[in-house]
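A short worksheet on the structure shown next.
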Amino acid sequence: MTEEAGPQPAAQARPDPPGGTSQPGSSRSLAHGKLEADVAIVGGGIVGSSAALFLRRLGLSVVLLERGLCGASASGVNYGGVRINGRAPVQLPLALRSRALWEQLPALIGIDGEYQRSGHLKVARSEADLASLQAYADRVRDVGAPLELEMVTGAAFRRRYPWLGPRAIGACWSPGDGHANPRLVSPAFALAARAAGARVIEHCEVRHCSHDGRAFVLADGQGLEVRAPWLLNCAGAWALPLARRFGDDAPMSSIHPGMAVTEPMPLFMDINIGVEGGGIYGRQTGRGNCVLGGSRGDARDPLHAQPRAAAMAELCQRIAELFPPLAHAHIIRFWSGVEGALPDHQPVIGPGSRHAQLLHAFGFCGAGFQTGPAVGEALAHWVAHGRPTVPLDAFGIHRFSSTTTLKEHA
Amino acid sequence: MTVVAIVGAGPAGLRAAEQLVAAGLRPVLLDESPRVGGQIYRQPPPALQRPARELYGFAAPRAQALFDRWAALQPQVDHCPGTLAWHLQDRRLHLLQDGLPSTLRFDALVLATGATDRVLPFPGWTLPGVFTLGAAQVALKAQATLLGPRIVFAGTGPLLYLVAWQYAKAGADVRAVLDVAPSDAPRRALPQLLSRPGLALQGALLLARLRLMGVPVQRGVRLLGADGDARVQALRWQAAGQTRSTPCDAVAFGHGLRSETQLADLAGCAFDWDEVDQAWLPRCDAQGRSSVPGVYLAGDGAAIRGADAAERAGARAAQALLADLGRPVPPPTPAPPADERWRRALQALSPLPAGWAAHTPDELLVCRCEEITAGELRAEARHSGAHELNRLKALTRIGMGRCQGRMCGAAAARLLAHAAGVPLQAVGRLRTQPPVKPVPVQALAAAAPPAMPVPEDQRDD
Amino acid sequence: MSADSQKTRSGARTSTLPLLRRLAADQRAELPFTVDGQPCTARDGDTLFTALLAQGGRLRRNEPSGAPRAGFCGMGACQDCWVQLADGRRLRACTTPLVAGMAILTEVPR
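Here's what the structure looks like:
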């Protein structure tokens, strides 16, 4: 996860209501009345906002409802990795399509979002790790995915990455991957959607939802009602209540990746680094700050997470070990966030079991930033053309429809 | 055994310790400094020790009384100097003591974290040679040095005149004292100033002495900028319609004080907008109880009230703590009403310049850590519609530097409120994220248990 | 300070002038240390802030722009006065006592 600006108390909407403390949930949108659109979207993270943008480009009308501020939850506080390397082969078509969109980011959202196609290095710290990485590279090659993965070991490895800690003995290099700044990218998708004509309403929590036989009906309980024949459930870690309302369910849990960022340090790397087996990943921004993750936090309340003290120490230990140039660095911020995770490590994307025009897209297991733009595009195409841009059958919610599975993970 | 921790060994923390010891407890007293006294009674290193009268002027008797009391208390207190409390979670303080990590689980906690200078910056404030009033005072008090040689004092508040006079008395070349408060502020504040006639007289004497020494004192000033190449060479300002430039080698400025509230925030304390301090402060009852059971607040870290009030607040908070532990305590002595009147008097005497946000040029570096300009903040506020400070932080990085918003917070809030067209209170406050101050990777790494394999369900990348 | 040491310092000449002076000559023990390789002396009890600014006008360069900095708040709050030692350690100048033999760098290669 990356730079969280701290939990944001829901700001007072203008004009300012009478004073009092700034509490989450204490403000509301100014929108009211009945709105109709082709598509209603719940959730203004990168997936929902991307869907809104692509729907507008396809000429469909959109209302997007976001409980807080767009792009401020997982989409805005994650690590910022834009990475295909390491993904299960079933995700590759989606991730490759997304890579093409990342390459056009300024044309899509008007900013470069500090996206760099810097390459991703997945480090091995043992022969077993190397074998795993090689096996993955073989699988990827076998399915014909153009990832251009390259195994780097021995003297060549040391020459290319002399600043990596001594336990690193080799790596898989993925030149087409990179990193970006989620704090900028995710809100920018929402702004671009709004500029393209989507009705984006923040500080708006969906309190009631139903289907009246012809359209989905959403209401915030404060005077706003939205009707649309299509509904996209992009509510991230909080997508289950909406899913259940329409007869769907999934064994989603919340995970809280623990993150840290250092003071600006002399530049020593620009690539995105991870390790086989997990536990630490890091990147250095152009300003010199190193964004690092690999530990865990805890939920503070249903909406927010906080870093876990013991995990901070563990993360620092891993940082010191993998990144000797950071030996004397100071951490200036720890944070965490809330992401939805599913037991098979794949998201839910696809229609509801009882409503063909309800499309779910949630539970990205901490890897949804890179694929976010393409997921939004796929949803938009599904609505407009009846099918997505890439095959998404593997992600259907029906894979959880056995009651045994749900009970195990409740 | 009941563990009571006190963070801050200034006047509030020391008086809290005194009450707790009197009740038979052995509090843990934590402070970043090697010696007690906080900032106002900051003690120099032993090699530079001087008589209290020289160090603390008018306040010498109170300072000495506090140090004498401390000398008697010290054997009964677990004093942890050189100790930073960098995080607080689940009733546990996370500490770095001379660089070594530890944790302290507490049953009750007194936060007496004090304050720092509040600044409304001007262009060029990041130049070498531009400091806060506090820095100028520390240089003199704790290190027997004078910033300068030619120095201009600027801003507003009682500290402005006090430090200027301390420097003049020590032989410094004080070029000017520039007060951004309106010229008629003293007259308007006079009725409230009489709530503490002794202090009001001291202030008037300071001013008279400065004038006697030939130091130009000017009110109604607007600070325009510090000019210079690699360091400040002149301070440009405006008063009575005229623009002037005062050559100097150093500037010391400040606009009152701002409370250090990060630990209160991490403890989960509720905050309320305080109209007098123009800041969000942790909620606190008359005895010093915060909104979190077992967490008490005292001194300038709770609200800016000065050293004498801090001593009383520290004692009251400790007594509230003891009462809540079921110990017998005398009925609480409320704060004298004169304290609040004096606090309001200082606000009336030294108001923050209301037009600051409107007049500040785009090129001002608001965030000195990350070098973010007023123009960037305004542009982002317009572009994104952001009207809340944490959102502005996410979009512009303001408050994301090493100082974590301490130096830029007041300015950023005013600029955002002005750009968004909302009252200052409405933009909220920067939420604290650990660590409270930067912590070394290596120091925390030392606290981790031996490396274990990463659990399957935590293998993300 | 020798003419050589002034020439080898980068930045405007004015940045070599001290930003503070001691109140009086004192009897405290002298502590030798180096700044950017040049030998200097401080006094027992000096912080790094005092030691450095008593003989120069800069502590470090800020990262984004390289602009010179010399601290600001003097009490460990603003985090502007971090200096780097030759051995890689980073110390906050205003709250760290100078120790004899410290090798301080005010110019750090990016």
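In order, the protein sequences belong to chains A, B and C.
First residue of the first sequence: 16, per my numbering; consecutive thereafter.
First residue of the second sequence: 2, per my numbering; consecutive thereafter.
First residue of the third sequence: 3, per my numbering; consecutive thereafter.
Backbone N, C-alpha and C fix where the C-beta goes; we use that ideal spot for every residue, glycine too.
At a beta-carbon threshold of 9 Å, the residues of chain A lying near C/Arg-92 are Glu-278, His-343, Ala-344, His-345, ordered along the chain.
Spatial neighbours of A/Arg-182 in its own chain (CB-CB distance under 6 Å, excluding positions within 5 residues in sequence) are listed in chain order as Arg-140.
The beta-carbon separation of B/Leu-298 and B/Ser-291, rounded to 5 Å, stays under the 8 Å limit for a contact. The beta-carbon of C/Glu-65 is placed less than 7 Å from the nearest beta-carbon of chain A. Residues of chain A whose Cβ lies closer than 7 Å to the Cβ of B/His-256 do not exist; the shortest such Cβ separation is about 23 Å. In the three-state reduction of the DSSP assignment, A/Phe-379 falls in the coil class. If you draw a straight line from the Cα of B/Cys-404 to the Cα of A/Ala-252, it is about 32 Å long. Comparing alpha carbon positions, the residue from A/Asp-227, A/Asp-235, A/Cys-305, A/Arg-229 closest to A/Phe-283 is A/Cys-305. Annotation: Cβ neighbours of A/Arg-348 in chain B (cutoff 8 Å, chain order): Met-401, Gln-405, Gln-434, Pro-435, Pro-436. Here B/Trp-238 carries a strand assignment [DSSP, helix/strand/coil]. Residue range 48–51 is occupied by the beta strand (DSSP E) that includes A/Glu-51, with no alpha helix (DSSP H) assigned at that position. With respect to chain C, the C-beta atom of B/Glu-381 has no partner C-beta closer than 7 Å. The DSSP-derived three-state label of B/His-419 is helix.
Think of a sphere of 8 Å around the beta carbon of C/Thr-97: the chain B residues whose beta carbon falls inside it are Glu-33, Ser-34, in chain order. Counting other Cβ atoms within 10 Å of its Cβ, C/Gly-78 reaches 16 or more and is therefore classed as buried. Around B/Ala-316, the same chain offers Arg-16, Gln-20 as residues with beta carbons nearer than 6 Å, after the five sequence neighbours per side are excluded. The beta carbon of C/Arg-30 is closer than 7 Å to those of Arg-45, Asp-46, Gly-47 in its chain, skipping five residues each way along the sequence. According to DSSP, B/Trp-281 shares a beta bridge with B/Trp-274. In the three-state reduction of the DSSP assignment, B/His-80 falls in the strand class, which pools E and B. For B/Arg-223, the closest alpha carbon among the candidates B/Leu-390, B/Pro-354, B/Ala-73 is that of B/Pro-354. B/Ala-145 is the residue among B/Ala-190, B/Pro-183, B/Ala-145 whose C-alpha sits nearest the C-alpha of B/Gly-172.
Remark: C-beta atoms of A/Gln-385 and A/Val-62 do not approach each other more closely than 7 Å. Under the three-pair Cβ rule at 8 Å, the region 48–64 of chain C does not count as touching the region 307–327 of chain A. In the DSSP assignment, A/Ser-88 forms no beta bridge with any residue. Per the Cβ contact rule, the region 249–258 of chain B is in contact with the region 132–141 of chain B (3 or more Cβ pairs under 8 Å). In the DSSP annotation of this structure, the continuous segment of the alpha helix (DSSP H) that includes B/Leu-15 starts and ends at 12–23. In the three-state DSSP reduction, A/Trp-188 falls in the strand class (E or B).
Within the region 149–229 of chain B, the complete beta strand (DSSP E) segments of 3 residues or longer fall at 151–157, 174–180, 223–228, listed in chain order. Among the residues of chain B, those whose CB is under 7 Å from the CB of C/Leu-25 are Ala-145, Thr-146, Leu-147, Ala-171, following chain order. Contact note: A/Arg-302 reaches chain C through Glu-65, Pro-66, using a C-beta cutoff of 9 Å and chain order. Contacts with chain B (Cβ-Cβ distance below 9 Å) from the region 327–342 of chain A involve Met-327, Ala-328, Glu-329, Leu-330, Cys-331, Gln-332, Arg-333, Ile-334, Ala-335, Glu-336, Phe-338, Leu-341, Ala-342, listed in chain order. Contact annotation for B/Val-139 against chain C: Gly-76, Met-77 [CB-CB distance below 7 Å, chain order].
By the Cβ criterion, the region 156–175 of chain B is not in contact with the region 187–195 of chain B, since fewer than three pairs of Cβ atoms, one from each stretch, lie closer than 8 Å. For B/Ala-18, same chain residues with a beta-carbon under 7 Å away, outside a window of 5 residues either side, are Ile-7, Pro-28, Leu-30, Leu-74, Val-78 in chain order. Between B/Gln-263 and chain A, the shortest Cβ-Cβ separation is not below 7 Å.
Against chain C, the beta carbon of B/Leu-49 has neighbours under 7 Å at Gly-47, listed in chain order.
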